[in-house]
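Protein chains in written order, with our numbering: chain S, 1 to 195; chain U, 196 to 461.
For each residue, glycine too, the CB sits at the ideal point set by N, CA and C.
This structure is a prediction, so every number in the text was calculated from the model and none was measured.
This report concerns only the one structure given below.
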């Protein structure tokens, strides 16, 4: 089941993460190191963007990768690709930290150990390497209106709700909802068009 | 799926985590119904939102982070790789085997000794119970003898001569004390047959009254007889005579043999 997620996707490229994740189930330290080398920049960049503080961000990244090391078997790889799942876990962890008022109030055991469910790739998903995918997403974000981009960033990187974003931007709630929905739909269209 | 339109507008924001509580509750209630189209839309939205991670500027964590992580991971991997088994047989030193053997022998001896002591205690308790019963019996006999002696010596006791009949010419002496009871004594009394006893009867004055069965006794090896009755009829005035017959062991409810001794109370 685990490898099937990476080998049964038809014309898509077989993710090189597959072999490493399979080895990770056998507690292969080398496989873990390779996965870390491959994805730590993306994960750390995401967490740092959310927390804006290097030391706390490294702490969260450490939690994320240790969670991966200790609970790799809980990841249902048959349902979706690895990197979106890893990024979802990293974002959840970082937002958990962000929502806590102060570092002193937070204890490590307060952080939930639950892993996110798999992130299922849609049919229009195209196999892109990480670099091209990042370029494409950034380009699509840059193509949004400033309001759409700002609203989406406040929701994604700061974990704000519609009403919180409306209050932050001092804009009507309905307008904020439209910015976010239209911006995401435009992003989706752009990714669908990516070849 | 026109009915789902109102929910579809919420799905991207839900995946983004931007829905306020009320809208989130509405959407999740709908998803809980198992709507397959909306479930698929949710999965697509989750993937779409996950792509926003690439919008963050890529940054490299410090080498120290990797060092800490790898140190932890290696330590945990080594810990898990350790075989959690009992030490090999040869790894157990001789002195430990000797200690185990000594402990085993001591345990067996202790168990045997405990059982032996328990048996001795049980036997001692049984002997004590028997002795206690014998002591109580002796005390009762002694008390009876004292009462019998008192009856025999008390001047207020009423003397009754029991005359032997048939082949028993010996005379027995009886005394009736109004409060202490009746005592009968005699010497050279013939021994009754095997499994038989001498039984005392109180013969009522009332015409046709039934003889009242009373105490039983066997003379000792020298022919001495002492019979004590602590609870004779309430009044001597109602009793015409007392008599003794030979009856089977355990006594009878009615005289089954001829009278051996008898005497009038009045």
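Cβ of residue i within 7 Å of any chain S Cβ
| i | result |
| --- | --- |
| residue 246/U | yes |
| residue 203/U | no |
| residue 264/U | yes |
| residue 243/U | yes |
| residue 237/U | no |
| residue 208/U | yes |
Cβ-based burial, residue i [other Cβ within 10 Å; buried from 16]
| i | result |
| --- | --- |
| residue 232/U | exposed |
| residue 61/S | buried |
| residue 88/S | buried |
| residue 273/U | exposed |
| residue 109/S | At residue 109/S, the pLDDT of 44 sits below 50, so the modelled position is not reliable; the number obtained from the coordinates is stated separately. So residue 109/S ends up on the exposed side. |
| residue 387/U | buried |
| residue 102/S | Low confidence applies here, because residue 102/S scores a pLDDT of 45, under 50, leaving its location unreliable; read the following figure in that light. Classification for residue 102/S: exposed. |
| residue 246/U | buried |
| residue 104/S | Bear in mind that the predicted position of residue 104/S carries a pLDDT of just 47, short of 50, making it too unreliable to give a figure here. |
| residue 326/U | exposed |
| residue 135/S | exposed |
| residue 346/U | buried |
| residue 264/U | buried |
| residue 131/S | exposed |
| residue 440/U | buried |
Residue i at chain U interface by Cβ criterion, 7 Å
| i | result |
| --- | --- |
| residue 56/S | no |
| residue 134/S | yes |
| residue 32/S | yes |
| residue 75/S | no |
| residue 40/S | yes |
| residue 94/S | no |
| residue 89/S | no |
| residue 142/S | no |
Alpha-carbon to alpha-carbon, residue j and residue i
| i | j | result |
| --- | --- | --- |
| residue 140/S | residue 165/S | 21 Å |
| residue 215/U | residue 156/S | 14 Å |
| residue 209/U | residue 179/S | 14 Å |
| residue 193/S | residue 79/S | 23 Å |
| residue 414/U | residue 315/U | 39 Å |
| residue 391/U | residue 453/U | 14 Å |
| residue 24/S | residue 63/S | 16 Å |
| residue 352/U | residue 450/U | 27 Å |
| residue 142/S | residue 205/U | 24 Å |
| residue 339/U | residue 435/U | 25 Å |
| residue 445/U | residue 304/U | 52 Å |
| residue 219/U | residue 159/S | 15 Å |
| residue 253/U | residue 84/S | 15 Å |
Listed by chain order, chain S residues near residue i by CB distance under 7 Å
| i | result |
| --- | --- |
| residue 275/U | 27 |
| residue 221/U | Chain S residues near residue 221/U: none, gap ~13 Å exceeds 7 Å. |
| residue 260/U | 58, 61 and 62 |
| residue 272/U | 27 and 29 |
| residue 257/U | 58 |
Chain U residues whose Cβ lies nearer than 7 Å to that of residue i
| i | result |
| --- | --- |
| residue 64/S | Ordered by position in chain U, no residue passes the 7 Å Cβ test against residue 64/S, which lies about 10 Å from the chain. |
| residue 45/S | 251, 252, 253 and 254 |
| residue 161/S | 213, 214 and 215 |
| residue 69/S | 268 |
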